[in-house]
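Here's the structure we're looking at; comments come further down.
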Amino acid sequence: MPQEERAEQRHDAHKWLEAGRRAYNAKEYAKAEVCFRKALAEDPAYGRAHYYLGNTLYKLKRQGEALESWQKTVLLDPKSDSAEKARQKLDMIDEQQARLNSRLVQNFQERNIRRD
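Residue 1352 is where the sequence shown starts when you use the numbering used here, and the numbers rise one by one after that.
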């Protein structure tokens, strides 16, 4: 792909990213998702768009898809600010999952003790 065409795609992707950010900030998450996906259609390797898509999907209660988007951010652009923020979100989810698992085990053990 010629350099000029690639630059135009990145420019179009950035326009969609900014439209998505405006929608996200207005709490219009479904619209934001569409915009971020259009940014990624223009430039599938746009780590920042994956990050914002992950945030949007999380707000839409689609945690599994959000995790995938944040992971892509880290893989595509590991040294970026977006990747650092994505790592923090992934760590937060891991911590929440660990606490939930701990509570489930504790609950299970307490119920088994009561039965004895």
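Glycine included, each C-beta is placed from N, C-alpha and C at the ideal position.
The model shown is predicted, which means the values in this text are computed figures rather than measured ones.
Check: What first and last residue would you give for the alpha helix (DSSP H) that runs through Leu-1418?
Finding: Note, Leu-1418: alpha helix (DSSP H), 1414-1427.
Next item on the list: Consult DSSP for Glu-1379 and reduce its assignment to one of helix, strand or coil.
Entry: In this structure, DSSP gives Glu-1379 a state outside helix and strand, which the three-state scheme calls coil.
Note to self: Spatial neighbours of Lys-1382 within its chain, please: C-beta separation below 6 angstroms, excluding the five flanking residues on both sides.
What the structure shows: Excluding residues within five positions, the ones whose Cβ falls inside 6 angstroms are Ala-1374.
Notebook entry, point to check: Roughly how many whole angstroms lie between the Cα atoms of Lys-1410 and Tyr-1380?
Noted result: Between Lys-1410 and Tyr-1380, the C-alpha separation is close to 7 angstroms.
Note to self: Measuring straight from C-alpha to C-alpha, what distance separates Leu-1391 and Gln-1448?
What the structure shows: Each residue's alpha carbon lies about 29 angstroms from the other.
Check: Where do the ends of the alpha helix (DSSP H) carrying Leu-1475 lie?
Finding: The displayed coordinates of the chain run from 1352 to 1467. Any statement about residue 1475 would go beyond what the structure contains.
Check: Can you tell me whether DSSP reads Asp-1432 as helix, strand or coil?
Finding: It is helical.
Next item on the list: Rank Glu-1461, Lys-1412, His-1401 by C-alpha distance to the C-alpha of Lys-1436 and give the top, closest one.
Entry: Nearest option by C-alpha distance: His-1401.
Next item on the list: With a 10 Å radius around its C-beta and 16 neighbouring C-beta atoms as the bar for buried, classify Val-1425 as buried or exposed.
Entry: With 16 or more Cβ atoms within 10 Å of its Cβ, Val-1425 is classed as buried.
Next item on the list: Starting from the C-beta of Ala-1417, find all residues in its chain whose C-beta is less than 6 angstroms away, skip the five residues before and the five after it, and write them out in chain order.
Entry: Result list for Ala-1417: Gly-1405, Leu-1408, Tyr-1409, in chain order.
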